[in-house]
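S.K.: Using full-length UniProt numbering, you'd call the opening residue of the sequence shown number 1 and step up by one each time.
Where a beta carbon is used, it is the ideal one built from N, C-alpha and C, also for glycine.
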Amino acid sequence: MTLIDQLTRTISNDESTPRTPDSSSPAPGAIGVGMDRPQDVVEWVDELAALMEPGDIHWVDGSARERHALLQGLVASGTIQQLNPDLRPYSFLARSDASDVARIESRTFICSVEEDDAGPTNNWRDPVEMRAELSELFAGSMRGRTLYVVPFAMGPLGSPMTKYGVQVTDSPYVVVSMGTMTRMGDAALAMIARGANWVPAVHSVGAPLAPGETDVPWPCNDTKYIVHYPETREIWSFGSAYGGNAILPKKAFALRIASVIARDEGWLAEHMLLIKVTAPSGKSYHLAAAFPSACGKTNLAMLAPTIPGWTVETIGDDIAWLRIGRDGRLRAINPEAGFFGVAPGTGPDTNRTAIDTLWGNTIFTNVALREDGDVWWEGLTSTPPANLTDWQGEAWTPQSGRPAAHPNSRFTVSARQCPSISDDWEDPEGVVIDAIIFGGRRASNVPLVVEARDWDHGVFMGATIASEQTAAAEGTVGELRRDPFAMLPFTGYNMADYFAHWLDFGARLRTSARVPRVFQANWFRKGEDGSFLWPGFGENARVLQWMIERLEGTQRAVETPLGLVPTATGLNLDGLDIAEEQLSELFRIDPRALELETHDIEQFFDTFGHRLPSELYRQLELQRARLGAE
1 MTLIDQLTRT ISNDESTPRT PDSSSPAPGA IGVGMDRPQD VVEWVDELAA LMEPGDIHWV
61 DGSARERHAL LQGLVASGTI QQLNPDLRPY SFLARSDASD VARIESRTFI CSVEEDDAGP
121 TNNWRDPVEM RAELSELFAG SMRGRTLYVV PFAMGPLGSP MTKYGVQVTD SPYVVVSMGT
181 MTRMGDAALA MIARGANWVP AVHSVGAPLA PGETDVPWPC NDTKYIVHYP ETREIWSFGS
241 AYGGNAILPK KAFALRIASV IARDEGWLAE HMLLIKVTAP SGKSYHLAAA FPSACGKTNL
301 AMLAPTIPGW TVETIGDDIA WLRIGRDGRL RAINPEAGFF GVAPGTGPDT NRTAIDTLWG
361 NTIFTNVALR EDGDVWWEGL TSTPPANLTD WQGEAWTPQS GRPAAHPNSR FTVSARQCPS
421 ISDDWEDPEG VVIDAIIFGG RRASNVPLVV EARDWDHGVF MGATIASEQT AAAEGTVGEL
481 RRDPFAMLPF TGYNMADYFA HWLDFGARLR TSARVPRVFQ ANWFRKGEDG SFLWPGFGEN
541 ARVLQWMIER LEGTQRAVET PLGLVPTATG LNLDGLDIAE EQLSELFRID PRALELETHD
601 IEQFFDTFGH RLPSELYRQL ELQRARLGAE
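(1) Identify whether residue 173 lies in helix, strand or coil by the three-state DSSP scheme.
(2) Out of curiosity, what's the CA-to-CA distance linking residue 91 and residue 306?
(3) In the DSSP assignment, what residue or residues form a beta bridge with residue 625?
(4) How close, in whole Å, do the beta carbons of residue 100 and residue 218 come, if the pair is a contact with beta carbons under 8 Å?
(5) Can you find the residues in the same chain that come closer than 8 Å, C-beta to C-beta, to residue 514, ignoring five residues on each side of it along the sequence?
(6) Tell whether a beta-carbon distance below 9 Å holds between residue 365 and residue 95.
(7) Just the Cα atoms here: how many angstroms apart are residue 619 and residue 145?
(8) Can you tell which of 583, 496, 548 has the C-alpha that lies nearest to the C-alpha of residue 527?
(9) Under 7 Å Cβ to Cβ from residue 242, same chain only, skipping five residues before and after it: list those, please.
(10) Hey, out of 288, 362, 57, whose CA is closest to residue 80's CA?
(11) Which residue's Cα is closest to the Cα of residue 247: 57, 507, 336?
(12) Along the chain, where does the beta strand (DSSP E) containing residue 143 start, and where does it finish?
(13) Buried or exposed: residue 263, going by 16 or more other Cβ atoms within 10 Å of its Cβ?
(14) Where DSSP assigns a beta bridge to residue 435, which residues make up the other side?
(15) Restricting to Cα atoms, I'd like to know which of 453, 448, 598 is closest to residue 544.
(16) Quick one: Cα of residue 415 to Cα of residue 350, how far?
(17) Using the DSSP secondary-structure output, state which residues sit across from residue 341 in a beta bridge.
(18) Please determine if the region 516 to 527 and the region 423 to 441 are in contact, where contact requires at least 3 C-beta pairs separated by less than 8 Å.
(19) Tell me the DSSP secondary structure of residue 39 in three-state form.
(20) For residue 601, which residues from the same chain have a beta carbon less than 7 Å from its beta carbon, with the 5 sequence-adjacent residues on both sides left out?
(21) Does the distance from the CB of residue 369 to the CB of residue 411 come in under 9 Å?
(22) Would you kindly report the start and end of the unbroken beta strand (DSSP E) that includes residue 364?
(23) Comparing alpha-carbon positions, which option in 423, 154, 615 lies nearest residue 162?
(24) Run through the region 489 to 553 for me and flag every whole alpha helix (DSSP H) of 4 or more residues, listed as ranges in chain order.
(25) Quick check: the Cα distance between residue 558 and residue 237, rounded to an integer number of angstroms?
(26) Looking at residue 300 and residue 540, is the spacing between their C-beta atoms short of 9 Å?
(27) Output the distance between the C-alpha atoms of residue 342 and residue 252, rounded to the nearest integer angstrom.
(28) Taking the alpha-carbon positions, what's the residue 173 to residue 591 distance?
(29) Within its chain, find whatever has a CB closer than 7 Å to the CB of residue 140; leave out the 5 residues flanking it on each side and keep chain order.
(30) Name the two residues that bound the continuous alpha helix (DSSP H) containing residue 604.
(31) Three or more C-beta pairs under 8 Å: does that hold for the region 100 to 120 against the region 487 to 502?
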């Protein structure tokens with residue numbers, strides 16, 4: 001009898017079953033008991049089992065029954081605890097090891113055959129040497145644990161834009177997280193059995209158990225690797241159970257490996273949110289936007305406009321796959337099925353929609369626990385509770401002098417629960433993209449909004465985006481770094497070739513249909529006193545309105561060295577308390593400061609050597625000429 005079988009024997013007597021399970025039953029015709037599994041997957045699993053020596057193997061079916069059993073097992077092991085069901089139905093809190101709280105970019109590798117194919121922005125290791133090293137690490141790594149075989153789909157089942165994969169893992173926490181973030185289980189395996197290509201993904205926490213050894217609540221290993229083999233489309237992850245390192249369909253597959261597949265197949269795999277914006281006229285537009293992690297992507301994806309008559313609906317908050325559709329127009333899907341959002345800073349005033357999404361059926365990681373059995377984090381309420389248990393399990397009060405929740409604490413929740421989810425979020429053909437937005441976190445130099453002159457200028461904008469370092473990754477918080485297209489940590493090949501791919505893609509769009517407009521946005525401009533000049537959050541709808549009106553041809557724009565900006569009366573400021581001086585500062589351009597920044601851009605470009613497209617140097621010189629003319 002397997003672990004799942006043992007656990008599910010008690011389900012019928014458990015009163016905490018979910019009201020709204022976020023795992024569905026397998027689709028008709030899906031693989032089930034007695035049906036053949038794909039032979040290539042079986043052989044692959046057998047090879048891995050021989051290497052990692054698990055105590056048991058479980059093929060994940062994706063059912064609600066299975067999910068419940070896994071969650072109850074995680075509660076029993078101390079990995080998670082169930083929250084107060086009256087306050088947060090069927091929700092759980094996980095506390096990770098203090099060494100396992102964020103993406104580890106320094107231990108993330110692209111193992112292309114040729115080092116130059118990885119490029120200067122990726123960590124490269126020789127694939128032969130890395131395979132040898134990983135073989136030693138993975139040998140016996142699952143002793144005493146269960147190997148879970150997790151088939152998954154990225155994108156709606158049956159969509160021509162969907163890709164498939166199979167992950168093996170020894171972490172039930174990862175399995176239940178994948179059940180929220182992907183279309184997981186028998187239905188995905190059935191598509192693979194029918195011939196769909198699949199990406200193999202291998203994960204182990206790297207903490208084998210000796211016979212009789214007591215497990216720890218959050219098993220992991222001090223040695224960590226997240227390794228990608230772009231030529232063979234493989235992912236290997238060792239030592240971490242944190243979502244960004246262990247939920248391999250997410251960044252590892254949907255961006256790093258998918259970006260390579262996209263380059264080879266002629267589409268785009270991007271770190272972008274997707275929204276549907278509807279004007280008072282009833283006409284709707286779809287926008288894709290790239291922002292670095294923890295820079296307001298989820299807030300924008302779930303925007304509640306403050307201006308009458310405008311609505312914003314959510315399609316995706318993190319990843320978008322964009323293709324030229326059969327009608328020749330740019331179309332996009334959200335390949336994910338859930339949200340893996342940053343909790344701190346998310347509250348009723350900043351993102352009411354997210355708070356409403358988290359009513360139940362949610363796994364929280366590294367947030368604080370209230371005395372009443374609910375959760376709390378900085379920004380959830382203006383006044384913190386008097387007594388909490390912090391993310392490390394220690395007693396906490398407002399006088400403790402440390403955050404109660406980890407700055408990168410997370411929530412994992414099904415997209416279906418989002419009140420603002422669009423009715424076309426699972427359109428198998430993808431939604432038509434009317435505009436693309438690039439953004440970062442900049443305190444100076446970058447205006448509130450700028451429109452690119454054309455697609456190539458837009459690519460230059462995307463290639464030169466810089467943002468302040470956030471808590472979502474290793475590094476010094478606040479430090480400015482170049483983050484082109486918000487893809488610096490996620491491009492699975494040489495970023496110079498990635499820039500070239502965007503330029504080539506634009507050339508294809510110009511021959512097929514209307515090319516989307518490109519904009520740059522910056523919600524984070526500060527005044528001399530260090531305060532934000534723009535109120536942000538729901539007021540960002542005013543910027544979206546200007547973009548839409550530009551698409552409709554009803555708004556003029558003013559030429560600047562950086563691009564096109566609103567006229568003095570172009571932004572809808574009705575009801576907004578913002579001083580004329582603030583508005584002026586939001587769009588102020590300092591030619592001298594920007595000229596100095598062009599040297600930084602040039603140095604960044606030079607790191608790519610001869611592979612950088614000449615068009616980007618041309619765009620840089622055009623910008624310098626415009627700045628010099630000021």
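M.R.: Inspection of the coordinates gives the following:
(1) Here the question's residue 173 lines up with position 173 in the sequence shown. Of the three classes helix, strand and coil, the one that applies to residue 173 here is helix, per DSSP.
(2) Position 91 of the sequence shown, counted from the first residue, corresponds to residue 91. Position 306 of the sequence shown, counted from the first residue, corresponds to residue 306. Their backbone Cα atoms lie some 31 Å apart in a straight line.
(3) Along the sequence shown, read from residue 1 onward, the residue named residue 625 stands at position 625. DSSP output for residue 625 lists no bridge partner at all.
(4) As a position in the sequence shown, residue 100 is number 100, starting the count at 1. As a position in the sequence shown, residue 218 is number 218, starting the count at 1. Confirmed, Cβ separation roughly 7 Å.
(5) The sequence position of residue 514 within the sequence shown is 514, counting from 1. Beyond the five residues adjoining it in sequence on each side, residue 514 comes within less than 8 Å, by CB distance, of 329 in the same chain, given in chain order.
(6) Numbered from its first residue, the sequence shown carries residue 365 at position 365. Numbered from its first residue, the sequence shown carries residue 95 at position 95. The answer is yes: Cβ separation under 9 Å.
(7) As a working mapping, residue 619 is identified with position 619 in the sequence shown. As a working mapping, residue 145 is identified with position 145 in the sequence shown. Residue 619 and residue 145: Cα-Cα distance of roughly 55 Å.
(8) Locating residue 527 in the sequence shown gives position 527, counting from the first residue. Answer by Cα proximity: 583.
(9) Taking the first residue of the sequence shown as position 1, residue 242 is located at position 242. Closer than 7 Å at the Cβ level, and outside the excluded window around residue 242, lie 96, 100, 101, 102.
(10) Position 80 of the sequence shown, counting from 1, holds the residue named residue 80. Comparing Cα positions, the closest option is 362.
(11) Stepping through the sequence shown from its first residue, residue 247 is reached at position 247. Closest option to residue 247, Cα to Cα, is 336.
(12) By 1-based counting over the sequence shown, the position of residue 143 is 143. Counting along the chain, residue 143 falls outside any beta strand (DSSP E), and DSSP gives it neither H nor E.
(13) Here residue 263 corresponds to residue number 263 of the sequence shown, with the count starting at 1. When all chains shown are included, residue 263 counts as buried.
(14) Within the sequence shown, numbered from 1, the residue matching residue 435 stands at position 435. Answer is 287, 517, bridged to residue 435.
(15) On the sequence shown, residue 544 is found 544 positions in, with the first residue counted as 1. For residue 544, the nearest C-alpha among the options comes from 448.
(16) As a position in the sequence shown, residue 415 is number 415, starting the count at 1. As a position in the sequence shown, residue 350 is number 350, starting the count at 1. Those two C-alpha atoms are separated by around 19 Å.
(17) The residue given as residue 341 occupies position 341 in the sequence shown. DSSP lists 411 as partners of residue 341.
(18) yes
(19) Numbered from its first residue, the sequence shown carries residue 39 at position 39. Looking at residue 39 - three-state DSSP - the assignment turns out to be helix.
(20) Counted from its first residue, the sequence shown places residue 601 at position 601. For residue 601, the CB contacts under 7 Å within the same chain, skipping 5 residues up- and downstream, are 464, 620 in chain order.
(21) Position 369 of the sequence shown holds residue 369. Position 411 of the sequence shown holds residue 411. Result no, Cβ atoms of residue 369 and residue 411 do not sit closer than 9 Å.
(22) As a first step, residue 364 is located in the sequence shown; it is residue number 364 there, counting from the start. Per DSSP, residue 364 belongs to the beta strand (DSSP E) from 363 to 365.
(23) Counted from its first residue, the sequence shown places residue 162 at position 162. With distances taken between Cα atoms, residue 162 lies closest to 154.
(24) Taking only runs of at least 4 residues, the alpha helix (DSSP H) segments lying wholly in the region 489 to 553 are 495 to 512, 541 to 552.
(25) As a position in the sequence shown, residue 558 is number 558, starting the count at 1. As a position in the sequence shown, residue 237 is number 237, starting the count at 1. Spanning the two alpha carbons is a distance of roughly 49 Å.
(26) Locating residue 540 in the sequence shown gives position 540, where the first residue counts as 1. Locating residue 300 in the sequence shown gives position 300, where the first residue counts as 1. Yes, they are a contact pair.
(27) Taking the first residue of the sequence shown as 1, we reach residue 342 at position 342. Taking the first residue of the sequence shown as 1, we reach residue 252 at position 252. One C-alpha to the other measures close to 18 Å.
(28) Along the sequence shown, one-based indexing puts residue 173 at 173. Along the sequence shown, one-based indexing puts residue 591 at 591. Taking the straight line from one Cα to the other gives about 51 Å.
(29) As a first step, residue 140 is located in the sequence shown; it is residue number 140 there, counting from the start. Cβ neighbours of residue 140 beyond the five flanking positions: 52, 53, 208.
(30) For the purposes of this step, residue 604 is identified with residue 604 of the sequence shown, where counting begins at 1. For residue 604, the uninterrupted alpha helix (DSSP H) segment begins and ends at 591 to 606.
(31) The region 100 to 120 makes contact with the region 487 to 502: 3 or more CB pairs, one atom from each, lie closer than 8 Å.
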